[in-house]
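When the letters of the sequence shown are read in order and numbered with our numbering, they come out as residues 147 to 797.
Where is the CB? At the ideal position from N, CA and C, for every residue including glycine.
Remember, it's a predicted structure, so these values are computed and weren't measured experimentally.
Contents: one structure, followed by commentary.
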Amino acid sequence: MPRKTSANAPVAKPTKAPKAATASKRNTNSSTEKSATNKPVAATTASKKTAAVKSADAIAKANISKKRHRDDEEEEEDEKEQKQEDDQEVKPKAKKTKVDAAPKVSKSKPAASKSAAPNGKTPSSKASSKETAATKAVKTKSTSSKRKAEEVVHTAPKRTNNTASKKDDEPNEKPDEESGVAPTKAATKKAAPKKAAPSKTTVDPIMKVKIGAKINTAPAIPLDIFVFGEGSAGELGLGANVIDKKRPIDVKRPRKNPLLSAPEVGVVQVACGGMHGLALTKDNKILSWGVNDQGALGRSTKWDGGLRDVDASDSDSEDDDDTGLNPVESTPAEIDTSGIAPGTKFVQVAGCDSASFALTEDGRVYGWGTFRSGDGILGFSPDVLIQEKPALLPEPTKVVSIATGSNHVMTLDVKGKIQTWGAPEQNQLGRRVVVRDQKASALRAGGLSFKRGTKITKISCGSYHSFALDDQGRVWAFGLNNFGQLGLETAVGDDNACQLEPTIVDSLAEYRITDVLGGEHHTLVITEEGKVLVFGRIDGHQLGLPTEQFNKDNSHYDEHDRARILAVPSALEGLPKIVSADAGTDTSYVITEDGRVYSWGFNTNYQCGIGETDGDVLLPQLIDNTAVKDKKVVFAGAGGQFGILASIQEK
Numbered sequence: 147m148p149r150k151t152s153a154n155a156p157v158a159k160p161t162k163a164p165k166a167a168t169a170s171k172r173n174t175n176s177s178t179e180k181s182a183t184n185k186p187v188a189a190t191t192a193s194k195k196t197a198a199v200k201s202a203d204a205i206a207k208a209n210i211s212k213k214r215h216r217d218d219e220e221e222e223e224d225e226k227e228q229k230q231e232d233d234q235e236v237k238p239k240a241k242k243t244k245v246d247a248a249p250k251v252s253k254s255k256p257a258a259s260k261s262a263a264p265n266g267k268t269p270s271s272k273a274s275s276k277e278t279a280a281t282k283a284v285k286t287k288s289t290s291s292k293r294k295a296e297e298v299v300h301t302a303p304k305r306t307n308n309t310a311s312k313k314d315d316e317p318n319e320k321p322d323e324e325s326g327v328a329p330t331k332a333a334t335k336k337a338a339p340k341k342a343a344p345s346k347t348t349v350d351p352i353m354k355v356k357i358g359a360k361i362n363t364a365p366a367i368p369l370d371i372f373v374f375g376e377g378s379a380g381e382l383g384l385g386a387n388v389i390d391k392k393r394p395i396d397v398k399r400p401r402k403n404p405l406l407s408a409p410e411v412g413v414v415q416v417a418c419g420g421m422h423g424l425a426l427t428k429d430n431k432i433l434s435w436g437v438n439d440q441g442a443l444g445r446s447t448k449w450d451g452g453l454r455d456v457d458a459s460d461s462d463s464e465d466d467d468d469t470g471l472n473p474v475e476s477t478p479a480e481i482d483t484s485g486i487a488p489g490t491k492f493v494q495v496a497g498c499d500s501a502s503f504a505l506t507e508d509g510r511v512y513g514w515g516t517f518r519s520g521d522g523i524l525g526f527s528p529d530v531l532i533q534e535k536p537a538l539l540p541e542p543t544k545v546v547s548i549a550t551g552s553n554h555v556m557t558l559d560v561k562g563k564i565q566t567w568g569a570p571e572q573n574q575l576g577r578r579v580v581v582r583d584q585k586a587s588a589l590r591a592g593g594l595s596f597k598r599g600t601k602i603t604k605i606s607c608g609s610y611h612s613f614a615l616d617d618q619g620r621v622w623a624f625g626l627n628n629f630g631q632l633g634l635e636t637a638v639g640d641d642n643a644c645q646l647e648p649t650i651v652d653s654l655a656e657y658r659i660t661d662v663l664g665g666e667h668h669t670l671v672i673t674e675e676g677k678v679l680v681f682g683r684i685d686g687h688q689l690g691l692p693t694e695q696f697n698k699d700n701s702h703y704d705e706h707d708r709a710r711i712l713a714v715p716s717a718l719e720g721l722p723k724i725v726s727a728d729a730g731t732d733t734s735y736v737i738t739e740d741g742r743v744y745s746w747g748f749n750t751n752y753q754c755g756i757g758e759t760d761g762d763v764l765l766p767q768l769i770d771n772t773a774v775k776d777k778k779v780v781f782a783g784a785g786g787q788f789g790i791l792a793s794i795q796e797k
């Protein structure tokens, strides 16, 4: 560094040289005096010359010494000056670092200020200690070390500025204690957010699904739809408004649903879930209505309106427009089709308590909703708790028929093979479930085992039990049997009575069976001759038999000597030829050859469709109100507290 004149540098004093000269003169005088006393005059003159020369030499030496001394002092002053300049250069920067690197202003200043710290907090003791450590390092290290420290000091404000836009509610990063540089990990994450994941939805893969060969044919005849029963949860599909002074709840007899008009909507197939309904239309739409708590409707039913108590004292008023129903749930509407492959054609819909399924022309199955167990929601699949919109199931394939219980599903394929999945608690799946991985094992479709050569032609489900008919007319059963609903004598009356694997129902061996329908704890069987056989629970009059038909030979009695379980299949007498039937929770329906409907059982919520009664409907009774009197009914279905009839559209 060039030397500079400094006001603080000491200047050589002019008195030093005279002092040196005086000292020489004193030496000269003493020499002269000594010579004068001991030598002659001539010698004295020579001595004077010699002394003058010596005096000149001494003065020269003194000047040299003075110059060297002055040079040393100047070097010392230069070094001091250099050190002071270095200190002055470092200290202001350290002071600047204190302002820029940790500009943690008081809370009274706005967080948006450029001088505000990323977290908007006041300076901490850590920042002060960090600056002190940096100052000590400057004082103790060499000049090169100082320059390195200066580079660090210059870097810190830049990193602080990079994070200055950080919001107050974001986590505060801890600064590096040695370098004073705030980490930029958080800023890096914000600069490169992971947004690629949302693109991997079910929509893209579904677009690549190839439609297979047609193995199923959709029904084509438009139907008129009639509903009856509770309706307080929108399960009748009548909407939320009063129409022609008729309320959409507590429908005592079948009422034609104007929202499912055959000419306009063209429903070709309909199904009941526990508290929801499904319909397939002639233009390949699937409509849903009712309760959507766990996604059973396969569409969004969000509504900003409120609910009111439909059981309030004024709820029977015929002109009260305030039904309290969610219009989005109670009005039939198309399911979400975003997850359905283009070109898909449906042939059947089916409903569980909280789930729904649809079968395609090429034998694939779509599903939505969830299954429930005794512990609550079980899940829709091993990886999905609630499937809110229709999704294509990987298995099974080449399916020709679907049957559903309260919380389980059966499918039948082109080869007569059965697969099941859902809640396994009552062995209604008909197969073993891996205990250590029960959920995954139960919610994944699995095949059933039958005797070699057995070909299944039809499947059906009760709430917690299942049936399969083979090509020889035999009935196979599995699942819950606590009320003898399987037609088996195994452990009847035991609350935990279950049949794990498909077993032939020997009590039906003498009959040629065409259909089997299960309720919650009872079963209906249709024979080739059009007879109806019933067995299972008695106390809700769900079997439709007179009391005198029960005896100690065919029934189980309780401790009060009352018949509780009919273990032996028994025929209903006095009915015309029956071609089809269905069973609700505690209600039963049968359809005659000419399209008339009989019902019996529990009727508290008008689910028998015969109007208000004093109690249960003990024996089969014809539903013949004006709405269906002259109609040819081809379908009767039962939900938990409601029923649906479908007739061929009038021309």
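Check                                                                                                                                                                                             : Outcome
Distance, Cα to Cα, Ile724 vs Val671?                                                                                                                                                             : 10 Å
For a test of the three-state rule: what should DSSP assign to Ala792, helix, strand or coil?                                                                                                     : strand
Kindly indicate which residue of Gly420, Ser793, Asn362 and Ala643 has the alpha-carbon position closest to the one of Asp740.                                                                    : Ser793
Can you name, in chain order, every residue of its own chain whose Cβ lies under 7 Å from the Cβ of Lys431, other than the five neighbours on each side?                                          : Glu480
With a CB to CB cut of under 6 Å and the five nearest residues on each side skipped, what residues in its chain are close to Gly783?                                                              : Cys418, Asp728 and Ile790
Evaluate Leu531 with the Cβ neighbour count: other Cβ atoms within 10 Å of its Cβ, from every protein chain shown; 16 or more gives buried, anything less gives exposed.                          : exposed
By the 10 Å Cβ neighbour count, where 16 or more other Cβ atoms means buried, how is Val779 classified, buried or exposed?                                                                        : buried
Taking Glu656 as the reference, which of Thr636, Leu679 and Ala366 has the closest Cα?                                                                                                            : Leu679
For Asp499, count neighbouring Cβ atoms within 10 angstroms of its own Cβ and tell me buried if that reaches 16, exposed if not.                                                                  : buried
From Gln574 to His611, what does the alpha carbon distance come to, in whole angstroms?                                                                                                           : 5 Å
Beta-carbon within less than 8 Å of Ser271's beta-carbon, same chain only, minus the 5 sequence neighbours each way: which residues are those?                                                    : Here Ser271 scores only 40 on pLDDT, less than 50, and its place in the model should not be relied on; the value that follows carries that caveat. Taken in chain order, the list of residues that qualify is empty.
Between Ala643 and the rest of its own chain, which residues show a CB-CB distance below 8 Å, the 5 nearest in sequence each way excluded?                                                        : Leu626, Asn627, Asn628, Thr636 and Ala637
Could you tell me if Pro488 is buried or exposed, where buried requires 16 or more neighbouring beta carbons within 10 angstroms of its beta carbon?                                              : exposed
Please confirm whether His422 and Asn403 have their CB atoms less than 9 Å apart.                                                                                                                 : no
In whole angstroms, what separates the C-alpha of Phe781 from that of Leu663?                                                                                                                     : 13 Å
Whether or not the region 738–753 and the region 694–712 are in contact is what I'm after, with contact meaning three or more pairs of Cβ atoms, one per stretch, closer than 8 Å; do they touch? : no
What ranges does the beta strand (DSSP E) occupy inside the region 539–599, keeping only unbroken runs of at least 3 residues that lie completely in it?                                          : 545–550, 554–559 and 564–568
If Thr477 and Ala386 are in contact, beta carbons under 8 Å, what's the gap, nearest whole angstrom?                                                                                              : 7 Å
Write down every uninterrupted run of the beta strand (DSSP E) in the region 732–796 whose length is 3 residues or greater and which is fully enclosed by it, in chain order.                     : 733–738, 743–747, 763–768, 779–784 and 788–794
Just to confirm the assignment: which complete beta strand (DSSP E) runs, minimum length 3, are found wholly within the region 339–398?                                                           : 369–375
To which residues does DSSP link Phe517 through a beta bridge?                                                                                                                                    : Gly525
Using DSSP with H/G/I as helix, E/B as strand and the rest coil, what is Pro536?                                                                                                                  : strand
Does Gln494 come out as helix, strand or coil in the three-state DSSP assignment?                                                                                                                 : strand
What's the gap between the Cα of Val579 and the Cα of Ala773?                                                                                                                                     : 47 Å
Given Ile367, which residues of its chain have a CB within under 8 Å of its CB, disregarding the five upstream and five downstream residues?                                                      : Val414, Ile794 and Gln795
What residue range is occupied by the uninterrupted beta strand (DSSP E) comprising Ser716?                                                                                                       : Ala709 to Ala717
Can you say whether Ile737 is buried or exposed, counting buried as having 16 or more other CB atoms within 10 angstroms of its CB?                                                               : buried
Check whether the Cβ atoms of Gln695 and His667 lie closer than 9 Å to each other.                                                                                                                : no
Could you name the residues that DSSP lists as bridge partners for Thr506?                                                                                                                        : Phe492
Give the C-beta separation of Ile523 and Gln440 to the nearest angstrom, bearing in mind that I take them to be a contact with Cβ-Cβ under 8 Å.                                                   : 7 Å
Cβ of Leu689 within 9 Å of Cβ of Ser734?                                                                                                                                                          : yes
What is the DSSP secondary structure of Ala474, reduced to helix, strand or coil?                                                                                                                 : Looking at the sequence shown, residue 474 is not Ala but Val. Three-state result, Val474: helix.
If you draw a straight line from the alpha carbon of Val355 to that of Val495, how long is it in whole angstroms?                                                                                 : 21 Å
Tell me whether Thr483 sits in a helix, a strand or coil according to DSSP, three-state version.                                                                                                  : coil
How many whole angstroms separate the CB atoms of Pro536 and Gly485, which I take to be in contact at a CB cut-off of 8 Å?                                                                        : 5 Å
Can you have a look at Ala504 and say buried or exposed, based on whether 16 or more other CB atoms are within 10 angstroms of its CB?                                                            : buried
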